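Note sheet for the following structure.
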Amino acid sequence: NAGVTQTPKFRILKIGQSMTLQCTQDMNHNYMYWYRQDPGMGLKLIYYSVGAGITDKGEVPNGYNVSRSTTEDFPLRLELAAPSQTSVYFCASSPQSAGGRNEQFFGPGTRLTVL
Amino acid sequence: AQTVTQSQPEMSVQEAETVTLSCTYDTSESDYYLFWYKQPPSRQMILVIRQEAYKQQNATENRFSVNFQKAAKSFSLKISDSQLGDAAMYFCAYIRGYGGSQGNLIFGKGTKLSVKP
Chain A
56 NAGVTQTPKF
66 RILKIGQSMT
76 LQCTQDMNHN
86 YMYWYRQDPG
96 MGLKLIYYSV
106 GAGITDKGEV
116 PNGYNVSRST
126 TEDFPLRLEL
136 AAPSQTSVYF
146 CASSPQSAGG
156 RNEQFFGPGT
166 RLTVL
Chain B
2 AQTVTQSQPE
12 MSVQEAETVT
22 LSCTYDTSES
32 DYYLFWYKQP
42 PSRQMILVIR
52 QEAYKQQNAT
62 ENRFSVNFQK
72 AAKSFSLKIS
82 DSQLGDAAMY
92 FCAYIRGYGG
102 SQGNLIFGKG
112 TKLSVKP
């Protein structure tokens, strides 16, 4: 199993551009998440999904959109990129569970810079 | 709202020695889980250890153990026989045990651990 994979690893965007961060997991996990990690900080939840077709906002959703058409894929869309979105983005997945009983498995992250 | 506080931005330990990283949290929930994650320079988030709040026994994983003090809302990580590969950022994290924003891990700001040879 490849686990959770993310593409691209690095990206530089100009202000106002848009892009999609890709996330795929091959563990058949129902739950998937997007976090961002700003310098010197822990991770903060952007969006999450409890299954195909179901998504919900996390702590910092403004400026982002997600979709979940399949169990495996959970892309994160940035519209009109702003310097405040410069961060490292992590995708994670976990098996179906109630609350935190199962470990979240993280992808390697995408470092995004908006200039 | 739940919060997680790591009061030590940086720590240093001599190889083969023992180090303890501190974490406190604030919650009104009774059912929750606590985690320590390791983030080496590769950025990969790696689960080190997990503690269920309903368990009184402290979790252990090889050289890693926790001191879970539920009443004090304290969750420290002890690393014994420190190795050079333990050098990393360590994040304490909390998650509620049921309902709400499913799987919303709340992270502290992290402690950067250096290991001296």
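Residue numbers (the numbering used here), protein chains in the order written: chain A, 56 to 170; chain B, 2 to 118.
Cβ coordinates follow ideal geometry from the N, Cα and C atoms, glycine included.
From a predicted model like this one, the values you see are computed outputs, not experimental measurements.
Interface annotation for the stretch 105 to 130 of chain A against chain B: Val-105, Asp-111, Lys-112, Gly-113 and Glu-114, criterion Cβ-Cβ distance under 9 Å. Within its own chain, the residues whose Cβ lies closer than 6 Å to the Cβ of Leu-22/B, once the five positions on either side in sequence are excluded, are Leu-78, Tyr-91 and Thr-112, listed in chain order. Note: Asn-117/A is not bridge-paired with any residue in the DSSP secondary-structure output.
Between the C-alpha atoms of Arg-51/B and Asn-120/A there is a straight-line separation of about 31 Å. Note on geometry: alpha-carbon atoms of Ile-109/A and Cys-146/A lie some 16 Å from one another. Closer than 7 Å at the C-beta level to chain B, one finds no residue of the stretch 59 to 71 of chain A.
Of all C-beta pairs linking the stretch 2 to 15 of chain B to the stretch 25 to 35 of chain B, three or more are shorter than 8 Å, placing the two stretches in contact.
When C-beta distances to chain B are compared with 7 Å, the residues of the stretch 76 to 109 of chain A below that value are Tyr-86, Tyr-88, Gly-95, Met-96, Gly-97, Leu-98, Leu-100, Tyr-103 and Val-105, in chain order. For Tyr-90/A, the number of other beta carbons within 10 angstroms of its own is at least 16, and it is reported as buried. For Thr-62/A, the enclosing beta strand (DSSP E) starts and ends at 59 to 62.
The beta-carbon distance between Gln-159/A and Leu-106/B, rounded to whole angstroms, is 6 Å. This is short enough to meet the 8 Å contact definition. Between the beta-carbon of Gln-72/A and that of Gln-61/A there is about 19 Å, and that puts the pair past the 8 Å contact cut. Judged by DSSP secondary structure, Leu-68/A falls within the beta strand (DSSP E) whose first and last residues are 65 to 68.
One finds Arg-44 and Gln-45 in chain B with Cβ atoms closer than 7 Å to the Cβ of Pro-163/A, taken in chain order.
Put simply, the CB of Phe-76/B is far from chain A, with every gap to its CB atoms at 9 Å or more. DSSP places Asp-87/B in the helix class (H, G or I) of the three-state scheme.
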